[in-house]
Every structure is written in structure tokens, then in C-alpha cells.
Amino acid sequence: MKETVYFGTYTRRTSQGIYKADFDTETGQLANLELFAAEPSPTYLAFDQHQHLYTVGSEDDKGGIAAYQTDGSLLNHVVEEGAPHCYVAVDEKRD
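In short: position in the sequence shown from 1, add 60, done, that's this note's numbering.
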């Protein structure tokens, strides 16, 4: 069976943000790695029940959170002064 997996990365060098790939659960192989969304240093990722992807990141000594749709389009992005956020989670009832 194949599942889509997502990776948050540090963007200090060549990485550009959030990547996705196909993961074959039977063989353990990853394939079709591609950029999902350009986002500065998206470290933690979380999905809600509607499959919106949330991520925290940092840029220029600021911290922020962003939300994306499953096609990679940006829903919202908020940046604040101060230390970057270190974690994101979704707290909702999941059916």
C-alpha cells in the first residue's frame, strides 16, 4: 500500500520547505519526492480532520505558523516578533 508522507525541513542551505513523497508500506521505499510548499524552516507538521496541514517555522528571528490545503495552496500565514515556535498540534475531536 502507498501513503503520502510529508517532511518539514530546515531551509538554511538548499532545502526549500515542506516536501512530500510516496511511501510504500510493504517495501519501506520512498519515491516521487517533491516540494509541497515553500516555507522558511518548517520544523513541525500537523494535520486536522479536514486534512489541512499546519506548520511552525522561523525566519529572521521571528516565529510563525502557516496552514495549507492538501494541494499545497496557502490558507494563512502569521509571523510574530520573538523566539520561533517549537511545536504545533491540533486539538479537536476526530471521528
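C-beta: ideal position from N, C-alpha, C; glycine also.
(message) Does the CB of M61 have a neighbour CB from chain D at under 8 Å?
(response) The structure shown contains no chain D, having only a single protein chain.
(message) Taking DSSP's pairing of strands, which residues face F107 in a bridge?
(response) Its beta-bridge partners are L113.
(request) Label T87 either buried or exposed according to how many other C-beta atoms from any shown protein chain fall within 10 Å of its C-beta, with 16 as the threshold for buried. (result) Per the 10 Å Cβ criterion, exposed.
(message) Let's test the definition: count the other Cβ atoms within 10 Å of the Cβ of Y114 and tell me whether it reaches 16, buried, or not, exposed.
(response) Buried, by the Cβ-count rule.
(message) Report the CB separation of L95 from G77 in whole angstroms; it is logged as a contact under 8 Å.
(response) Contact annotation, L95 with G77: C-beta distance approximately 7 Å; criterion of less than 8 Å satisfied.
(request) Identify which residue in T74, R72, F83 and R73 has its Cα closest to the Cα of Y66. (result) Closest by alpha carbon: F83.
(request) Select from F107, E140, R73 and S118 the residue whose C-alpha is nearest the C-alpha of G132. (result) Taking G132 as reference, the option from F107, E140, R73 and S118 with the minimal CA-CA separation is F107.
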